[in-house]
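Down below is the structure, laid out as structure tokens.
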Amino acid sequence: MKNWQAFWVSLLVSANVLSGTGYAEPIHGEIPASLDSFYITEDGRWQYENLSWGNVEDETLDQLPYKMTKQEIDLEMNPNATGYAFYTAEEVFSLEGQRAQLRIEFDGGRLTEVRFNFHLDDSYEEWYTTVTEELAQRYGEPDEIYENTFESQEMESWGCRWDRKDTTMQLNMMAGESIHPSAVLGIAQIPQMQADEAIPVPLNQLRTKEGVYQFASCDWGISVEQVFEKLPYTMEELLMSEDGNPEGLDYYIAQDTFSLDGQPAEFRLEFSKGKLREVRFTFELDESYEKWYGTQVQELTKLYGKPDRQTVTTQDTMGTTNWNCAWDTEETSLQFFLLTQASKEATAVLGVAEIVR
Numbered sequence: 219m220k221n222w223q224a225f226w227v228s229l230l231v232s233a234n235v236l237s238g239t240g241y242a243e244p245i246h247g248e249i250p251a252s253l254d255s256f257y258i259t260e261d262g263r264w265q266y267e268n269l270s271w272g273n274v275e276d277e278t279l280d281q282l283p284y285k286m287t288k289q290e291i292d293l294e295m296n297p298n299a300t301g302y303a304f305y306t307a308e309e310v311f312s313l314e315g316q317r318a319q320l321r322i323e324f325d326g327g328r329l330t331e332v333r334f335n336f337h338l339d340d341s342y343e344e345w346y347t348t349v350t351e352e353l354a355q356r357y358g359e360p361d362e363i364y365e366n367t368f369e370s371q372e373m374e375s376w377g378c379r380w381d382r383k384d385t386t387m388q389l390n391m392m393a394g395e396s397i398h399p400s401a402v403l404g405i406a407q408i409p410q411m412q413a414d415e416a417i418p419v420p421l422n423q424l425r426t427k428e429g430v431y432q433f434a435s436c437d438w439g440i441s442v443e444q445v446f447e448k449l450p451y452t453m454e455e456l457l458m459s460e461d462g463n464p465e466g467l468d469y470y471i472a473q474d475t476f477s478l479d480g481q482p483a484e485f486r487l488e489f490s491k492g493k494l495r496e497v498r499f500t501f502e503l504d505e506s507y508e509k510w511y512g513t514q515v516q517e518l519t520k521l522y523g524k525p526d527r528q529t530v531t532t533q534d535t536m537g538t539t540n541w542n543c544a545w546d547t548e549e550t551s552l553q554f555f556l557l558t559q560a561s562k563e564a565t566a567v568l569g570v571a572e573i574v575r
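Using the numbering used here, read the sequence shown as starting at 219 and increasing by one per residue.
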């Protein structure tokens with residue numbers, strides 16, 4: 219079962235792999251990859267053309283007017299792909315002068331993803347800006363914008379996403395010295411986490427007996443290798459540091475899924491110059507966020523006492539409200555904040571960090 223972050227990463231990786239050889243010359247010309255093909259249904263979800271989420275393979279292929287070819291998956295190289303199937307169109311598509319390949323993906327025989335993989339020319343930055351602006355005009359500002367630098371591979375990636383209920387649209391681009399510019403524009407279902415598949419967020423493992431705020435037995439300042447030896451989770455390197463960042467920040471995210479009282483969470487580690495500096499859980503919350511947040515504050519208070527700091531900040535111009543509770547020592551901190559913004563889902567972050575002075 220893929221989570222949202224895995225979908226994001228898979229878009230970037232597949233775009234890079236598939237763009238390596240380019241696309242064959244079309245026989246009957248290029249087919250426009252119209253943005254109108256993606257739309258929001260009456261129930262508030264993304265959809266491509268008339269392809270409904272959950273359609274079986276045969277039904278989906280019959281609805282497409284293109285010649286679709288099933289691609290082989292090497293399960294020895296990709297063991298997490300068990301149960302997945304994907305097809306690519308033999309026809310060549312184009313959007314704003316850039317050529318693309320259509321790909322659809324199934325999980326357990328049901329449609330879960332539709333994307334265009336682009337093989338870009340030297341005008342890729344202008345193309346990305348044009349498409350991003352067009353999407354923003356149609357659907358509003360993105361829910362999230364990314365710009366990452368992968369120094370070791372000498373490449374950069376850009377991305378933005380628009381989430382609608384349990385579906386997401388994403389535009390991602392990758393370029394660098396060692397790879398050809400490529401991009402992916404696609405929509406996908408965001409898998410709903412089942413309670414028995416999620417790891418409970420351990421609220422009682424955020425402080426040591428000595429009163430130091432940290433996660434479990436992960437002492438501040440230990441190396442990446444030492445942290446991984448202590449944690450039973452599958453971690454993936456994101457390398458989200460900005461180019462030239464003197465602090466040398468590296469981020470790792472767990473492939474495992476977590477939850478706290480029914481709310482799914484993303485688990486992330488932050489390292490500064492190879493040393494552990496921060497551990498956090500990030501929650502994308504449903505409409506019950508206020509009650510949920512209040513309940514967790516009560517639980518944290520039972521465990522660690524009354525917060526040392528508790529604030530509520532509102533910015534009327536932005537339509538945002540930020541609740542923050544913090545428990546501090548001289549060198550460490552536990553923080554739990556909730557951010558709400560008009561017309562967007564609420565977000566909460568629970569984390570511990572070493573205070574850098």
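Glycine included, C-beta positions come from ideal geometry on N, C-alpha and C.
Just so it is clear, the structure is predicted and the values come from calculations on it, not from any experiment.
Buried or exposed by the 16-neighbour rule on C-beta atoms within 10 Å, applied to residue i
i       : result
Glu-447 : exposed
Thr-385 : buried
Thr-475 : buried
Thr-259 : exposed
Ala-560 : exposed
Glu-277 : exposed
Ser-375 : buried
Gln-516 : exposed
Thr-558 : buried
Gly-569 : buried
Bounding residues of the alpha helix (DSSP H) (the contiguous stretch that carries residue i)
i       : result
Leu-279 : 275 to 281
Thr-347 : 342 to 357
Val-515 : 507 to 522
Phe-446 : 442 to 448
Separation of residue j from residue i, as counted between CA atoms
i       : j       : result
Glu-267 : Leu-518 : 47 angstroms
Gly-502 : Gln-423 : In the sequence as presented, Gly is not what sits at residue 502; that position holds Glu. If you take the alpha carbons of Glu-502 and Gln-423, they lie about 22 angstroms apart.
Pro-525 : Phe-555 : 12 angstroms
Thr-547 : Thr-531 : 23 angstroms
Trp-264 : Thr-426 : 45 angstroms
Leu-403 : Met-387 : 8 angstroms
Ala-483 : Thr-565 : 10 angstroms
Glu-455 : Glu-488 : 10 angstroms
Glu-290 : Ser-506 : 43 angstroms
Asp-479 : Leu-521 : 17 angstroms
Asn-335 : Ala-307 : 11 angstroms
Arg-333 : Asn-273 : 16 angstroms
Ser-400 : Gly-512 : 44 angstroms
Thr-330 : Ala-406 : 6 angstroms
Glu-543 : Leu-389 : First, the amino acid is wrong: residue 543 is Cys here, not Glu. Taking the straight line joining both Cα atoms gives about 35 angstroms.
Asn-234 : Ser-490 : Unreliable positioning characterises Asn-234 in this predicted model, as indicated by a pLDDT of 43, which lies under 50. The coordinate reading is nonetheless provided below. Going from the Cα of Asn-234 to the Cα of Ser-490 covers about 28 angstroms.
Leu-279 : Ser-312 : 21 angstroms
Glu-443 : Glu-496 : 15 angstroms
Glu-362 : Ala-354 : 12 angstroms
Glu-415 : Gly-247 : 47 angstroms
Residue of the options minimising C-alpha distance to residue i
i       : options                               : result
Ala-571 : Tyr-522, Arg-498, Tyr-507 and Gly-537 : Arg-498
Asp-468 : Ala-483, Leu-478 and Ser-441          : Ser-441
Tyr-217 : Gly-262, Ala-251 and Arg-328          : Residue coverage of the chain in this structure runs from 219 to 575, which leaves residue 217 outside it and unanswerable.
Pro-360 : Val-574, Glu-488, Lys-562 and Gly-394 : Lys-562
Val-574 : Ala-564, Glu-549, Val-567 and Leu-557 : Glu-549
Gln-473 : Thr-452, Gly-480, Lys-491 and Tyr-511 : Thr-452
Glu-309 : Glu-352, Ala-251, Leu-269 and Gln-281 : Ala-251
Trp-271 : Asp-325, Glu-362 and Trp-541          : Asp-325
Glu-508 : Tyr-346, Val-445 and Asn-540          : Asn-540
Thr-500 : Arg-321, Asn-366, Val-567 and Gly-327 : Val-567
Gln-553 : Gln-533, Tyr-305, Gln-432 and Gln-281 : Gln-432
Gly-589 : Ile-408, Pro-418 and Trp-545          : Residue 589 lies beyond the residue range present for the chain, which begins at 219 and ends at 575; the question has no answer from this structure.
Start and end residues, beta strand (DSSP E) containing residue i
i       : result
Gly-404 : 400 to 407
Gln-289 : Note, Gln-289: premise wrong, no beta strand (DSSP E); not H, not E.
Met-530 : Note that residue 530 is Val in the sequence shown, not Met. It spans 527 to 533 - the beta strand (DSSP E) in which Val-530 sits, taken as one unbroken run.
Asn-268 : No beta strand (DSSP E) contains Asn-268, which DSSP labels as neither H nor E.
Ser-490 : 481 to 490
Ile-258 : 256 to 258
Ser-396 : Ser-396 -> no beta strand (DSSP E), and no H or E assigned at all.
Cys-543 : 538 to 546
Ile-573 : Segment: none, Ile-573 is in no beta strand (DSSP E) and carries neither H nor E.
Phe-336 : 328 to 337
Residue i beta carbon near the ligand COA (any heavy atom closer than 8 angstroms)
i       : result
Phe-304 : This structure simply doesn't include the ligand COA, nor any ligand for that matter.
* To do: Could you tell me whether the region 307 to 317 touches the region 327 to 347, using the rule of 3 or more Cβ pairs below 8 angstroms?
  => yes
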